[in-house]
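Each residue of the sequence shown is one higher than the last, beginning at 876 in the working numbering. In this text, a Cβ means the ideal position worked out from N, Cα and C, and glycines have one as well.
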Amino acid sequence: MERISRLAAGLLAGLLLAALLPLGTALAAGPALRPLRSGQIASGLSREVYGFLPYWLATPATERDLHYELLSTVSLFSVGLGPRGALVQSGPGYAFVDGPAGARVITAAHAAGVRVDITFTSFGMAPNRAILRSPAARSQFIRQAVALMAERGADGASLDFEGLYLKDLPAFTALVRDFGRAARARNPLAHVS
876 MERISRLAAG LLAGLLLAAL LPLGTALAAG PALRPLRSGQ IASGLSREVY GFLPYWLATP
936 ATERDLHYEL LSTVSLFSVG LGPRGALVQS GPGYAFVDGP AGARVITAAH AAGVRVDITF
996 TSFGMAPNRA ILRSPAARSQ FIRQAVALMA ERGADGASLD FEGLYLKDLP AFTALVRDFG
1056 RAARARNPLA HVS
């Protein structure tokens, strides 16, 4: 069931991007990987339009054809978490975010005034319980994730924890609060969802 949910989520993310792709948009050269300042954020849209770019759709054609003028934020999907809160650096999502394809998307999005988030994912009740019930795991996750955001010039983060016990909701709320504080300590304009 969980696998079907993840496949459905990936399909929906892909459909969202497919709707944004048809015409080309030139990419800016050279990565300037710093978060946007308030005066750099594009304001031509009347609402927040948030798009996810999953690593499996991050091809040169996708990079070339994204319609940044239709987005206010693009989130690079996704960097996974291990059960002790460490980022899974061996995964394809991390390779995308930390590699040249991620840098090209960040550079192009920022050139268009579009914010860039990184989506951090943890799937399953048991893995989420292990992270949320361990102050050391929560602290490690926040420290590593905020450092990656700063290194890549991300403007914010999306925390995608799928499958939580009701008993863990207060710990998840505290995680989001603490993550937001740590992110804004590095970048006062950082946002967390």
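Asked                                                                                       : Found
Own chain residues within Cβ distance below 8 Å of G966, not counting five before or after  : V954, G955
C-alpha distance - L962 paired with E1026, whole-angstrom precision                         : 14 Å
Segment limits, beta strand (DSSP E) that includes T982                                     : T982 -> not in any beta strand (DSSP E); alpha helix (DSSP H) instead, spanning 975-986.
Cβ-Cβ distance between R1008 and D1053 below 8 Å                                            : no
C-beta atoms of A984 and V949 nearer than 8 Å                                               : yes
Identified DSSP bridge partners for E923                                                    : In DSSP, E923 forms no bridge with anything.
Residue span of the beta strand (DSSP E) that contains T948, given as start and end         : 948-955
Spatial distance of N1062 from G968 (CA atoms)                                              : 23 Å
Among A1012, G1055, E944, nearest to S997 - alpha-carbon criterion                          : A1012
Cutoff 6 Å; reference E923; Cβ partners in own chain excluding five residues on either side : S947
Identity of the residue in F927, F1036, M1024, Q1015 nearest N1003 by Cα                    : F1036
8 Å contact criterion, which G1028 and I981 should meet: CB distance rounded                : 6 Å
Where the beta strand (DSSP E) through L1034 begins and ends                                : 1031-1037
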